[in-house]
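Please read the structure below before turning to the comments.
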Amino acid sequence: MARPLLTPRFELVLRLSTLVMVSYLKVRILLNFVEIMVLRLLALQCLLSGTWATRGVPLVPGYHGNEQDIDLMKSEAAKIGYPILIKPTHGGGGKGMRIVQSPNDFVDSFLGAQREAAASFGINTILLEKYITQPRHIEVQIFGDKYGKVLHLYERDCSVQRRHQKIIEEAPAPNVTHDFRALLGQAAVSAAKAVSYHNAGTVEFIVDTVSDQFYFMEMNTRLQVEHPVTEMIVDQDLVEWQIRVANGEPLPLSQSEVPLLGHAFEARIYAENVPKGFLPATGVLHHYHPVPVSSTVRVETGVEQGDTVSMHYDPMIAKLVVWGENRAAALVKLKNCLSNFEVAGVPTNINFLQKLAKHRAFESGDVETHFIEQHKDELFVKPSQSVSAEMNSAARLSATLVAACIFEKEKSTLKESPPGNHCLLSIWYTDPPFRVHHHARRIMEFEWENEHDDSGSKLLTLTVTYQADGNYLIEMGEDGSYISEVKATYLGEHKFRVEFDVVSMDVHLAVYNKGRIKHIHAWHGLHHHHFKQKLGLELPDEDETQHKTSFETATGPPGSVLSPMAGLVVKVLANDGTKVEEGQPILVLEAMKMEHVVKAPTTGVVHGLQVTAGQQVSDGSVLFRLQGQSFLFLTYFELRI
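The sequence shown lines up with residues 23 to 663 when you count with this note's numbering.
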């Protein structure tokens, strides 16, 4: 067969494309080879710990052996002394980690950690370490090349965590002296040199805030999720470094040439239900509008509007990274970006991240790994008269803005629609209907979803009157005590300009239907509010594979215990007829490779057990009943951490 005739330009493009592909494959092979060799070496951290100790790398007392016999592990735990930390030798992200306070809890915690490690990483080998009671989690980014050169790119503080998983990272670490920073960096470099490490890596340390001593925790042989904060403060592309080093090139800088520029934060945005103990959430991203990116703001994400967050993957949907000239400036930028990061359709931790960023202890850099537990009374606000009054006032304001925006959107749609196609939107069809010589009025009901404290939702009734000048008179309360005249202008794409009481603000709306419920999310200023509105007709959920229709509320026979999340039943610990005490584990659920223990909410007899091991359950489904109880339990569980 004759060779097809190629133009010189096309042939050049073809040759260049082939060259690029071959080069790419060579780099990938090198990267994979390096990763395999290093992982084989560092998987034996127990053996290497002795080497690191001789190189000046401080180690936490613990057991790092390959022998995993349960009796031996119990004996080693006793030698170390309680409390101890159980964690897998492979993987990360807090998966499989357990804090054990006494010997009575050791066996269940050890076996649970092994199961979770096997599910997450394919290897169930466990190590034991002395648990530091007041620790900070600080890690050092290191790089090594094939010529024996290793340097560090300063440290990151990852102390603010939930379920042993980082949610806010920052670089450099706050309240760290120059000398302490140098010691951390040198210890990390020594650890890497001890194993002739080359390529990207992270050496993690536990810092005892009582003694100011630090101890080696683990070494990760990769670029981690939080590496962008380091990129921001050193002004280097670490992914490019990794590829170049794997391709045999030397490191481009010496240690003295690595700059330290300003301060950076990274906030991990998760689909999760914070009031339920940060349980992962599933659903459709009906609205997804991250903040605009710039030279000082990065958004790294793998989802877009309309995507489904399922139970089979990690619930992180985005990383928000900001930079400032100093910590205070970076923190202001973080707060502003979180306020303008719009997600609707699934619960997220954005509101909680805002509370963290505004907390006075966090603002001062006074952080440790128990930060959330220490400040839970402030972060998880309990309802009080003053707080409720403030929240109710904010809800009324937001409902007023939403009502005006909805009316203005209808009016805008009415004007833009072809004649004859908009009758159902017309004010002639409002309830009550428009009448000649009278203003159009409509009564609207919103259920405000209170996501700020646990005082519950609130029903708001508004009377909206359309004025002759195009403004809206909005009254609220049985006595009409709340009244405001509002002017709204539709800007397109669910964006509005609203003016009232000599104040002008921009409002963004996200609207979607689930079952007989219309969900309305409103963002304005630094505020986000979520409202529900009942519809007359049943509409299908826009994600029927992940959700039951919204009008199907969590119900069951008296005494029912309902699943706190969608997940897989991995273990059933009781049978029908079993008498249980309050707090006794009944079954274990797994979602996104994290285990959650469902416990008896009160003393009783298990009756009507609905599930078996290996069964998938949906959020709110009946798991079992406690005989003799006449009330409904929505969520009773313990995070296995």
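Yeah, the Cβ is synthetic: ideal placement off N, Cα and C, and Gly gets one too.
Apart from the five residues just before and just after residue i, which ones in its own chain have a Cβ nearer than 6 Å to its Cβ?
i, result
"I58", "For I58, the predicted model reports a pLDDT of 46, less than 50, meaning its position is unreliable; a value from the coordinates is still stated below. No residues qualify anywhere along the chain."
"N295", "L301, A303 and P369"
"I505", "E497"
"I145", "H112"
With 8 Å as the threshold, decide whether the Cβ of residue i is near any Cβ in chain B.
i, result
"A141", "Among the chains in the structure shown there is no chain B, since it carries only a single protein chain."
Taking 7 Å as the limit between beta carbons, can you name the residues of its chain near residue i, skipping five residues before and five after?
i, result
"S124", "Y104"
"K152", "V82, P83, G84, I102, G103 and I106"
"E98", "Y85 and L150"
"K433", "none"
"Y169", "P272"
"G270", "K168"
Helix, strand or coil, according to DSSP, for residue i in the structure here?
i, result
"I106", "strand"
"N197", "coil"
"R77", "coil"
"F236", "strand"
"H249", "helix"
"A141", "helix"
"P607", "strand"
"L419", "helix"
"T147", "coil"
"G8", "Outside the modelled stretch of the chain, which goes from 23 to 663, sits residue 8, for which no answer is possible."
"F300", "coil"
"A635", "coil"
"T625", "coil"
"K398", "helix"
In the DSSP assignment, find the unbroken beta strand (DSSP E) run with residue i in it and report its ends.
i, result
"N126", "That residue, N126, is in no beta strand (DSSP E); it is neither H nor E in DSSP."
"I465", "R463 to E471"
"V592", "G589 to V594"
"R221", "Note that residue 221 is Asn in the sequence shown here, rather than Arg. Residues N221 to D230."
"V82", "Taken as a continuous stretch (DSSP letters only), V82 belongs to no beta strand (DSSP E), as it is neither H nor E."
"E322", "V319 to T323"
"Q649", "V644 to Q649"
"A289", "H285 to Y292"
"H4", "Nothing about residue 4 can be reported from this structure: the residues present for the chain run from 23 to 663 only."
"R244", "That residue, R244, is in no beta strand (DSSP E); it is neither H nor E in DSSP."
"V344", "M338 to G346"
"V583", "S582 to L584"
"I121", "R120 to V122"
"Y310", "H309 to H311"
Return yes when the Cβ of residue j is within less than 8 Å of the Cβ of residue i, no when it is not.
i, j, result
"V325", "L283", "no"
"Q606", "V627", "no"
"H186", "G87", "no"
"T147", "P110", "yes"
"F287", "L356", "yes"
"L584", "S643", "yes"
"F522", "V533", "no"
"V172", "K215", "yes"
"Q183", "T252", "no"
"T435", "I496", "no"
"H541", "N373", "no"
"D179", "V389", "yes"
"N535", "L557", "yes"
"H381", "H392", "no"
"L481", "E467", "yes"
"F227", "Y219", "no"
"L510", "Y488", "Correcting the residue type first, residue 510 is Ala in the shown sequence and not Leu. Cβ atoms of A510 and Y488: not closer than 8 Å."
With respect to the alpha helix (DSSP H) encompassing residue i, which residues constitute its N-terminal and C-terminal limits?
i, result
"S361", "R349 to S361"
"F402", "Where F402 is concerned, there is no enclosing alpha helix (DSSP H), given that its DSSP letter is neither H nor E."
"I164", "I164 -> not in any alpha helix (DSSP H); beta strand (DSSP E) instead, spanning P157 to G166."
"E262", "L260 to A268"
"F384", "R382 to E385"
Sorted by chain position, which residues of the same chain lie with C-beta nearer than 8 Å to residue i's C-beta, five sequence neighbours on each side aside?
i, result
"K593", "L609, V610 and A635"
If we require 3 or more residues per run, which beta strand (DSSP E) segments fall completely within the segment 487-539?
Correct list: 494-498, 504-514 and 517-522.
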